[in-house]
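Every position in the sequence shown, counted from 1, becomes a number in our numbering once 321 is added. Ideal Cβ placement from N, Cα and C applies to all residues, glycine included.
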Amino acid sequence: MIQRGGEIVIRMLADVRRVTIGPLIGRTIAPGTTVYTDEYDIYARLPRWGYTHHTVCHAAGEFARDEGGDGFDEIRVNTLEGSWSLRRSWPRPHRGISQERRPLDLGPFELVHNVRRRGKALLGPLIELLVASRNPG
């Protein structure tokens, strides 16, 4: 999940059933938020869960849609699609990541994306995060 212009939240789930993904959405996305997704049927429940929901239909070749007729694609999932594109290239220098180690790989990717720093510039935010985790409150 990603907020446009904001942070990404990545969780590896055992499955994508309603009982698994519903609580994660509830903990991560504030009620009343407008959520943009593909047409996967689990997301059809979003309005019942308190969200405004818009979809694009990848099966029909749709990746963005101009609903207002103003030339601006209001309905799109490009932000998340772009993040996944970066995520796929992340383990290449290591010749891939095994499925068992995948959860260990997702955290660093999430951190780097959210602090928007690379290389040595990442060190400061990483130390701040580590100090904060040792001294909660």
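When DSSP reads this structure, valine 356 sits in a beta bridge with His374.
The straight-line gap separating the alpha-carbon atoms of tyrosine 372 and leucine 432 is approximately 26 Å.
Nearest to cysteine 378 by C-alpha distance, out of Thr358, Ala442, Leu450, Val452, is Thr358. Within the same chain, Cβ atoms closer than 7 Å to the Cβ of glutamate 388 are found at Glu395, Ile396, the five residues on either side in sequence being excluded. Looking from the CA of histidine 375, the closest CA among Gly382, Ala381, Tyr364 belongs to Tyr364. Alanine 453 sits in a helix when the DSSP states are folded into three classes. According to the DSSP secondary-structure assignment, arginine 348 is paired through a beta bridge with no residue.
Taken atom to atom, the span from the alpha-carbon of leucine 447 to that of asparagine 456 is near 14 Å. Nearest in C-alpha terms to leucine 450, of all of Phe384, Asp336, Val436, is Val436. Of the other Cβ atoms in all chains shown, fewer than 16 fall within 10 Å of the Cβ of leucine 444; this residue is therefore exposed.
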